[in-house]
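K.L.:
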Amino acid sequence: MDFRKTSIILFLLCISPLAAQENSTQPSMQFVDAEKNDPEELKKLSKAFGHFIGRNLDNPGFSFDIEMVISGIRDGAAGKPAPMSDKEYEQLLQVYQAKAYLALSDENLRKATDFLAGNKLKNNVIEIEPGKLQYEILKEGSGETVKEDSSPSIHYTGKFLDGQVFGSTEQAGEPVTLSLQQTIPGFKQGIVGMKEGEKRRLYVHPDLGYGTQGPLPPNSLLIFDIEIVKADTPEDDDAMLQEEDDDQLP
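According to mature numbering (1 follows the signal peptide of the UniProt record, and there is no 0), the stretch in the sequence shown is residues -20 to -1, 1 to 230, in order.
1) Apply the 10 Å Cβ neighbour rule to K210 and answer buried if 16 or more other Cβ atoms are within range, or exposed otherwise.
2) At which residue ranges does the region 60 to 137 contain complete beta strand (DSSP E) runs of 3 or more residues, listed in the order of the chain?
3) Relative to the alpha-carbon of T157, which residue among A97, N99, E20, P230 has its alpha-carbon at the smallest distance?
4) Could you check if F44 belongs to the surroundings of the ligand SAM, using beta carbon to heavy atom distance under 6 Å?
5) Going by DSSP, what residue range makes up the beta strand (DSSP E) through G148?
6) Just the Cα atoms here: how many angstroms apart are Q77 and Y190?
7) By the three-class DSSP mapping on this structure, what secondary structure does I53 have?
8) Could you check whether L188 and P165 sit closer than 7 Å to each other, using their CB atoms as the reference points?
9) For F204, report the span of its beta strand (DSSP E) as first-last.
10) With a Cβ-Cβ cutoff of 7 Å, do Q114 and V126 count as a contact?
11) Apart from the five residues just before and just after F167, which ones in its own chain have a Cβ nearer than 6 Å to its Cβ?
12) According to DSSP, which residues form a beta bridge with Y183?
13) Tell me which same chain residues have a C-beta within less than 8 Å of the C-beta of Y136, skipping the five on either side of it?
14) Tell me whether the beta-carbon of Q169 lies closer than 7 Å to the beta-carbon of I108.
15) Would you kindly report the start and end of the unbroken alpha helix (DSSP H) that includes P230?
16) Going by the CB atoms, is the gap between S122 and N199 shorter than 7 Å?
17) Measure the alpha-carbon distance for D45 versus L22 and round it to whole angstroms.
18) Looking only at DSSP bridge pairs, what is K27 linked to?
19) Who pairs with K175 in a beta bridge, going by DSSP?
20) Which residues in the same chain as N99 place their Cβ atom closer than 7 Å to its Cβ, once the five residues preceding and following it in sequence are excluded?
21) Would S133 pass as a contact of L160 if the rule is Cβ separation under 7 Å?
22) In the DSSP output, which residue or residues are listed as bridge partners for K139?
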């Protein structure tokens, strides 16, 4: 989650149209006199602009006072002085975002721990590491087995505890090949021992996942549905996942 998004969204919204015009050698539109603008259409455009701003004001852990945001926009447009300097604003926003981040981190850690404590009681759930890593077999496989130094070809879908998908091979429609040495500990431990054709669901505690690092919300429990297409694929036989695809990399 990008915690800087809210603090820069208004700035980007304001300067991007001007920058596009300055950088364009062949303007894609021709300006007309303001008198020729359709008043009703301009009203819709103005409201749409405000709506876009409003739906980008969401912050995990705290919410802006919408009425004060509107008041600030009006004061700024009228040239009135700001209630604090830009530096003070940035510093205070960082304080609130840091508090929100810590609160979200603590909440996610509690949810992950509580979920795994209850999940282990299910008959079909097997614990690899107590309270940290669990799995259940969705489909039995046969053939070659994935080893610690393997580069298996797999289909997978990664989800958060609420079911939201954060990475999947479904969109590409084809399996991916990755080195287990480059994956998070829980993914590596959970996939080792799987056979070709096997489908397994992994439940990974944040201590064996991204923790408070990486691109995902802090201390998120990760759930992976994995199918082994090939237990080991040499790197030169298939394309490896690239570093820029961090949102897809387990």
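Heads up, the beta-carbon is just placed ideally off N, CA and C, and yes, glycines get one too.
P.N.:
In terms of the structure at hand:
1) Here the question's residue 210 lines up with position 230 in the sequence shown. Label assigned to K210: buried.
2) 106 to 109, 113 to 119
3) Within the sequence shown, residue 157 is the residue found at index 177, counting from 1. Per the Cα distances, P230.
4) The ligand SAM is not among the ligands present in this structure, which contains no ligands whatsoever.
5) Working through the sequence shown from its first residue, we reach residue 148 at position 168. According to the sequence shown, residue 148 is Ser rather than Gly. Start and end: 145 to 148.
6) For this step, residue 77 is matched to residue 97 along the sequence shown. For this step, residue 190 is matched to residue 210 along the sequence shown. One C-alpha to the other measures close to 20 Å.
7) Counted from its first residue, the sequence shown places residue 53 at position 73. It is helical.
8) For the purposes of this step, residue 165 is taken as the residue at position 185 of the sequence shown. For the purposes of this step, residue 188 is taken as the residue at position 208 of the sequence shown. In this structure, L188 lies closer than 7 Å to P165 by Cβ.
9) Position 224 of the sequence shown holds residue 204. Run containing F204: 202 to 210, per the beta strand (DSSP E) assignment.
10) One-based indexing of the sequence shown puts residue 114 at position 134. One-based indexing of the sequence shown puts residue 126 at position 146. No; because the gap between Cβ atoms is not below 7 Å, this pair is not in contact.
11) The residue you call residue 167 lines up with position 187 of the sequence shown. Cβ within range, chain order: P230.
12) In the sequence shown, residue 183 corresponds to position 203, counting from 1. Beta-bridge pairing links Y183 to Q114, I203.
13) Reading the sequence shown from its first residue, position 156 is the one you call residue 136. G147, S148, T149, V156, F204, D205, I206, E207, P230.
14) By one-based count along the sequence shown, residue 169 stands at place 189. By one-based count along the sequence shown, residue 108 stands at place 128. Taking a C-beta distance under 7 Å as the contact criterion, Q169 and I108 qualify as a contact pair.
15) Taking the sequence shown and counting its residues from 1, one reaches residue 230 at position 250. Boundaries for P230: no alpha helix (DSSP H) harbours it, and the DSSP string shows neither H nor E there.
16) Stepping through the sequence shown from its first residue, residue 199 is reached at position 219. Stepping through the sequence shown from its first residue, residue 122 is reached at position 142. Not closer than 7 Å, so no.
17) Taking the first residue of the sequence shown as 1, we reach residue 45 at position 65. Taking the first residue of the sequence shown as 1, we reach residue 22 at position 42. Each residue's Cα considered, the two are about 26 Å apart.
18) Taking the first residue of the sequence shown as position 1, residue 27 is located at position 47. DSSP lists no partner for K27.
19) Translated into the one-based positions of the sequence shown, residue 175 becomes position 195. K175 pairs with T125.
20) Position 119 of the sequence shown, counted from the first residue, corresponds to residue 99. Cβ neighbours of N99 beyond the five flanking positions: V105, Q114, Y183.
21) Here residue 133 is taken as the residue at index 153 of the sequence shown, counted from 1. Here residue 160 is taken as the residue at index 180 of the sequence shown, counted from 1. No, the pair does not count as a contact, with Cβ atoms beyond the cut-off.
22) Here residue 139 is taken as the residue at index 159 of the sequence shown, counted from 1. Partner(s): V145, I203.
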